[in-house]
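Asker: Here it is: the structure, laid out below.
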Amino acid sequence: MTDRKHELAANLAKVEERIGAACAAAGRGREEVTLVVVTKTYPADDVRILSGLGVRHVAENRDQDAAPKAAACADLPLTWHFVGQLQTNKVRSVVGYADVVQSVDRPRLVTALSKEAVRAGRELGCLLQVALDEGEGGRGGVPPAGVEELADLVAGADGLRLDGLMTVAPLTGEYAGRQQAAFERLMDLSTCVRRAHPAANMVSAGMSADLEQAVAAGATHVRVGTAVLGVRPRLG
Ligand SMILES: *Cc1c(COP(=O)(O)O)cnc(C)c1O
Numbered sequence: 107m108t109d110r111k112h113e114l115a116a117n118l119a120k121v122e123e124r125i126g127a128a129c130a131a132a133g134r135g136r137e138e139v140t141l142v143v144v145t146k147t148y149p150a151d152d153v154r155i156l157s158g159l160g161v162r163h164v165a166e167n168r169d170q171d172a173a174p175k176a177a178a179c180a181d182l183p184l185t186w187h188f189v190g191q192l193q194t195n196k197v198r199s200v201v202g203y204a205d206v207v208q209s210v211d212r213p214r215l216v217t218a219l220s221k222e223a224v225r226a227g228r229e230l231g232c233l234l235q236v237a238l239d240e241g242e243g244g245r246g247g248v249p250p251a252g253v254e255e256l257a258d259l260v261a262g263a264d265g266l267r268l269d270g271l272m273t274v275a276p277l278t279g280e281y282a283g284r285q286q287a288a289f290e291r292l293m294d295l296s297t298c299v300r301r302a303h304p305a306a307n308m309v310s311a312g313m314s315a316d317l318e319q320a321v322a323a324g325a326t327h328v329r330v331g332t333a334v335l336g337v338r339p340r341l342g
């Protein structure tokens, strides 16, 4: 094994142990939680190593980095998630490789994703990104009051499949420093959405610093970058 493979294997084992312990503490089965490794800023070589170590879900947040990486890894059995703020002019490219877009947050984006998914002849999974800091963070997201309407829009759009909800723990507002409360709020919103859309049962919450709180709240997917790959060399 190369040094990097050793390092990634050891980090993955630690993350796996954390997820397992969090599931046990919450009385949940380990299979209820899917690990999505956020590979942003790291090279395609790392994605290849991770795939060899059994990772099946990876996520990226910038199309200009993700598109060449996904192309270089097209032979691997990976599900690609897009987790960044998405401009409509990048939608055609993203639809070319993403299996799930976790950052759907406005009607214009739904229209653009639908058009390109139909054009590409594919069905694209969509999570609504919910902003629990009421517009302060600038990281995108639909406010809770807009979730049901946007969910209906995605569910009715050709080429799109409504898979569920996603959030990033807020740094400001009433949920600042209260990750578990934020994730529980997301779960409540998920319960509402599932009344009309029972199959939309994905709940993506929790990152390296707060995956335990997300698992405790009921998340089905955790998005972990730093704890697997290391501290990122630049902002991303
Ligand atoms: C970068 C990123 C993550 C992973 O964050 P870490 O703290 O590195 O685990 C998760 N979700 C989103 C949306 C991200 O942009």
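Using this note's numbering, you'd call the opening residue of the sequence shown number 107 and step up by one each time.
Every residue, glycine too, gets a C-beta built ideally from N, C-alpha and C.
Please read all numbers here as calculations on a predicted model, not as lab measurements.
#1: Are there 16 or more other CB atoms within 10 angstroms of the CB of HIS112, so buried, or fewer, so exposed?
#2: Whose C-alpha, out of THR145, LEU182 and ARG214, is nearest the C-alpha of VAL260?
#3: Could you check whether the region 275-295 touches the region 309-329, counting it as contact only if at least three pairs of C-beta atoms, one from each stretch, sit closer than 8 Å?
#4: According to the Cβ coordinates, are VAL328 and LEU184 closer than 9 Å?
#5: Are the Cβ atoms of LEU233 and ALA275 separated by less than 9 Å?
#6: Mind reading off the beta-carbon distance from GLY265 to SER220? Whole number of angstroms is fine, and I expect it under 8 Å.
#7: Is there at least one non-hydrogen atom of ligand 1 closer than 8 Å to the beta-carbon of VAL274?
#8: Suppose the cutoff is 6 Å on Cβ atoms and the five residues either side in sequence are ignored; what does the same chain contact list for LYS120 look like?
#9: Whole angstroms is fine: what's the gap from VAL197's alpha carbon to GLU222's?
#10: Can you grab the Cα-Cα spacing for the pair ALA172 / ALA131, in whole Å?
#11: What would DSSP say about GLY336, mapped onto helix, strand or coil?
#12: Using three-state DSSP, classify LEU219 as helix, strand or coil.
#13: Under 5 Å from any heavy atom of ligand 1, by CB: list those residues in chain order, please.
#14: Are ALA333 and ASN117 closer than 9 Å when you measure CB to CB?
#15: On the premise that THR273 lies in contact with ALA311, defined as a C-beta separation below 8 Å, what is that separation, rounded to the nearest angstrom?
Answerer: Looking at the atomic coordinates:
#1: exposed
#2: ARG214
#3: As far as the Cβ criterion goes, the region 275-295 touches the region 309-329, which means the pair count is three or higher.
#4: no
#5: No. Outside cutoff.
#6: Contact holds; Cβ gap of about 5 Å.
#7: Yes.
#8: none
#9: 7 Å
#10: 35 Å
#11: coil
#12: helix
#13: VAL144, ASN167, VAL189, MET313, SER314, ARG329, VAL330, GLY331 and THR332
#14: yes
#15: 5 Å
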